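Heads up: the protein sequence lines correspond to chains A and B, in order. Going letter by letter, the first sequence gives residues 1240 to 1595 in the numbering used here. Going letter by letter, the second sequence gives residues 1240 to 1595 in the numbering used here.
There are 2 protein chains.
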Amino acid sequence: MSLLQETVTTIRPRDRVAEGAAWERQHALTKPRGALGVLEDVGAQLAAIAGECPPPLPEPVALAVFAADHGVHAQGVTPWPQEVTRQMVANMLSGGAVVNAFARQVGAIVAVVDVGVAGPPLELPGLEDHRVRAGTADMTVQPAMTRQEAEAALEVGIDVGRRLVDDGGARLLVAGDMGIANTTASAALVATFCGLDPEVVTGRGTGVDDETLARKVAVVRAALARHEPDPADPVGALAAVGGLEHAAVAGLLLAGAAARVPVVLDGVISGAAALVAAALCPDAVGYWVAGHRSSEPGAAAALRHLGLRPLVELDLRLGEGSGAMLAVPHVVAAARVLREVATFDSAGVSDKGDGT
Amino acid sequence: MSLLQETVTTIRPRDRVAEGAAWERQHALTKPRGALGVLEDVGAQLAAIAGECPPPLPEPVALAVFAADHGVHAQGVTPWPQEVTRQMVANMLSGGAVVNAFARQVGAIVAVVDVGVAGPPLELPGLEDHRVRAGTADMTVQPAMTRQEAEAALEVGIDVGRRLVDDGGARLLVAGDMGIANTTASAALVATFCGLDPEVVTGRGTGVDDETLARKVAVVRAALARHEPDPADPVGALAAVGGLEHAAVAGLLLAGAAARVPVVLDGVISGAAALVAAALCPDAVGYWVAGHRSSEPGAAAALRHLGLRPLVELDLRLGEGSGAMLAVPHVVAAARVLREVATFDSAGVSDKGDGT
């Protein structure tokens, strides 16, 4: 059995008993019922994931940034040169990227993983080299990668996720990515799995102009027409129009679920990868928290499809795991409520007594 | 000159030069322009407040919870007994309230201040006793307090804010409150200062039923008809239909502005207090950050009137400063971006070169 198969078969539905206990406890705490809104949902989810109430604090936090390049870059879908992927990998390793600043704030471990950056190997200190290939092929011309490569990249993500939990002690995983042109591949995946038109799910990525946006939509449409990716064959669809980092993020999402550790999704790359992972294992969705609502339209479409509500809404569109990292304090706060807040009984506070 | 007058005359417009420098710096950092959305606005605001770019990290954080009671409680505007204010003050002092859990997460100092809890003095260890009176009068029958009492409560907030900054070393203030029935007084203030009908700005508070909501609206309408509070006389309006904790929060907001320390607003009590403080000193608004969008309709109306966009949107309706406290990591993150992220030049990352 492959690592992918083994991981998927390990994933169990989340624990509805612990989830119910969390709701019961939330109703006994010194606050009006429901007054913490979405945070109460997150608290119940954390209990369901951990299988106990109160759930443990989801710390330490570990971020995995999967970096890869995209052959579709040749179609002019972004004004940024492809070399920026390499340069940003170096920037992340030296702690200078936005996500590094946010990771320091929550004390998160940061793993930067080359799963398929274009050009020769990077050979940078601290970089985890798990290159499956030097960037994908141009999906408008041929499949982005082979099925075997897609599976290998999925397993890179699983392996990294496992190690962050088993060796790193992580109790909350954060999905990050770096790859110039990866919002184009994301749009193709979201269109495939949500059954939506490319025009609806393709966005401006880093902020492209109208002309480039129109080109992106046409490129996604052409790739879908060429490959006709089938959402019932998630690895095949991923191989046809996805990215190596999408595959690795999907693997991380499955690894978290298998280890009963929650994973925070970032933006559209995470959302697209989550669609792949959910198609491989629907029970895994219960282990994921939507970090934020990116301004990229495909991100919102993916979250709707998955039934996840984002915690942060700040019009972010950066990637790297940055939006997910900003959601981490909210996730921790949800656990703290269940662990630390006094009950009406313990604090001697009068409940209003009408049972609502 | 009174402490209130002295404070108001100390407040300066925020520094547009430092604000411009922050935008210039944000455009040079290794991220697409505007990719951090609202967080970039917050970063620029922090620079404008501090008068330097990058701005200092807004830490340590200090929360002031002002507790008081409301004579309008007698009108049946909430199912919670008035004694819950006292009980929750004790709960906060022993660290068992939701806002305590959130404050621990960000390492915030917590000051709990009795500015007018009903009944005899509480005499609890750690409580700051600045009682102006033992709860307001019922605003449907007479003014909630005298003008002198409103000024005294405003000055309690100023004094607490000053001490948290000068003695406590706080570089970020968070406005909190506790007071059964205080969403009713908030609605009256919001209706007054925003010129809106009570029906539009009165909400369910802790979650009251339809009948109680209708009673709240009628009570607010009756109070406004009786006193005809004038937004051009903010202290007079506050005295007529406000609360002692609204006055104290307004004072804290002015103290922060005078000390050039940002203040994070919580929900509808903060919003209503901010309308009073903004009417006393329009330049103070530039020093405030809207922590979250409460589900209470008056909160959204107040923020719109002030031109502030909330950072957190989680359907919270608890008060205590809880929503504001959840926004604190976002405010700190905005400063970290300007202080810690590498520039395209320093990191050797290619900008896309089209100047957008």
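For glycine and all other residues, C-beta sits at the position ideal for the given N, C-alpha and C. Given the structure is predicted, the values throughout are model-derived calculations rather than measurements.
Asked                                                                                                                     : Found
Closer than 8 Å to chain A by CB, residue 1451 of chain B                                                                 : no
Within chain A, partners of residue 1262 of chain B - CB distance below 7 Å                                               : None at all; the shortest Cβ gap to chain A is about 16 Å.
For residue 1518 of chain B, the three-state DSSP class (helix, strand or coil)                                           : helix
Residue-chain proximity (residue 1314 of chain A, chain B), Cβ-Cβ < 8 Å                                                   : no
Rounded C-alpha distance that separates residue 1491 of chain B from residue 1458 of chain B                              : 28 Å
C-alpha distance - residue 1556 of chain A paired with residue 1526 of chain A, whole-angstrom precision                  : 24 Å
Cα-Cα separation, residue 1479 of chain A to residue 1350 of chain A                                                      : 27 Å
Close beta carbons around residue 1394 of chain A, own chain, < 8 Å, minus the five adjacent residues each side           : 1241, 1242, 1243 and 1490
Among B:1273, B:1282, B:1245 and B:1342, the one whose alpha carbon lies nearest that of residue 1260 of chain B          : B:1282
C-beta neighbour in chain A for residue 1341 of chain B, strict 8 Å                                                       : yes
Closer than 8 Å to chain B by CB, residue 1421 of chain A                                                                 : no
Three CB pairs or more closer than 8 Å across the segment 1316 to 1328 of chain A and the segment 1416 to 1431 of chain A : yes
Inter-residue CB distance, residue 1507 of chain A and residue 1297 of chain A (contact presumed, cutoff 8 Å)             : 24 Å between Cβ atoms; not a contact.
Pairwise C-alpha distance: residue 1361 of chain A and residue 1536 of chain A                                            : 32 Å
Three-state secondary structure (DSSP) of residue 1540 of chain A                                                         : helix
Interface flag, residue 1594 of chain A vs chain B, CB-CB below 8 Å                                                       : Model confidence at residue 1594 of chain A stands at a pLDDT of 45, short of 50, so the residue's coordinates are unreliable and nothing is read from them.
Cβ-Cβ distance between residue 1553 of chain A and residue 1503 of chain B below 8 Å                                      : no
Neighbour-count burial assignment, residue 1481 of chain A, 16 or more Cβ in a 10 Å radius                                : buried
Range of the contiguous alpha helix (DSSP H) that encloses residue 1398 of chain A                                        : 1386 to 1405
is_contact[residue 1600 of chain B, chain A] using C-beta, thresh 8 Å                                                     : With chain B running from 1240 to 1595 in the structure shown, residue 1600 of chain B is simply not present.
Any non-hydrogen atom of the ligand SAM closer than 7 Å to residue 1340 of chain B Cβ                                     : Annotation note on the ligand SAM: not contained in the displayed structure, which lists no ligands.
Residue-chain proximity (residue 1527 of chain B, chain A), Cβ-Cβ < 8 Å                                                   : no
Per-residue burial, residue 1595 of chain B [other beta carbons within 10 Å of its own, 16 or more giving buried]         : Confidence is the limiting factor: at residue 1595 of chain B the pLDDT is only 46, short of 50, which leaves the residue's position unreliable, though a coordinate-based value still follows. By the neighbour-count rule (16 or more Cβ atoms within 10 Å), residue 1595 of chain B is not buried but exposed.
Where residue 1505 of chain A sits in the DSSP three-state scheme                                                         : coil
Helix, strand or coil at residue 1302 of chain A [DSSP, three-state]                                                      : strand
Residue 1302 of chain A to residue 1247 of chain B span [Cα, whole Å]                                                     : 46 Å
Rounded C-alpha distance that separates residue 1572 of chain B from residue 1402 of chain B                              : 25 Å
Straight-line gap, residue 1376 of chain B to residue 1532 of chain B (C-alpha atoms, nearest Å)                          : 29 Å
Reduced DSSP secondary structure (H/G/I, E/B, other) of residue 1595 of chain B                                           : Confidence at residue 1595 of chain B is low in this model, with a pLDDT of 46, below 50, so its placement is unreliable and no value can be given for it.
Cβ-based neighbour list, residue 1580 of chain B, same chain, cut-off 6 Å, excluding 5 preceding and 5 following          : 1268
Among A:1355, A:1585, A:1286 and A:1343, nearest to residue 1230 of chain A - alpha-carbon criterion                      : Outside the shown range of chain A (1240 to 1595) lies residue 1230 of chain A, about which nothing can therefore be said.
Alpha helix (DSSP H) segment containing residue 1366 of chain A, residue limits                                           : Unbroken run through residue 1366 of chain A: none, as it is neither H nor E.
Near-chain A residues of the segment 1266 to 1286 of chain B (beta-carbon distance less than 7 Å), N- to C-terminal order : 1269, 1270, 1271, 1272, 1273, 1274, 1275, 1276, 1277 and 1278
Residue 1359 of chain A to residue 1560 of chain B span [Cα, whole Å]                                                     : 52 Å
Inter-residue CB distance, residue 1677 of chain A and residue 1446 of chain B (contact presumed, cutoff 8 Å)             : Within the shown structure, residues of chain A are numbered from 1240 to 1595, placing residue 1677 of chain A beyond reach of any answer.
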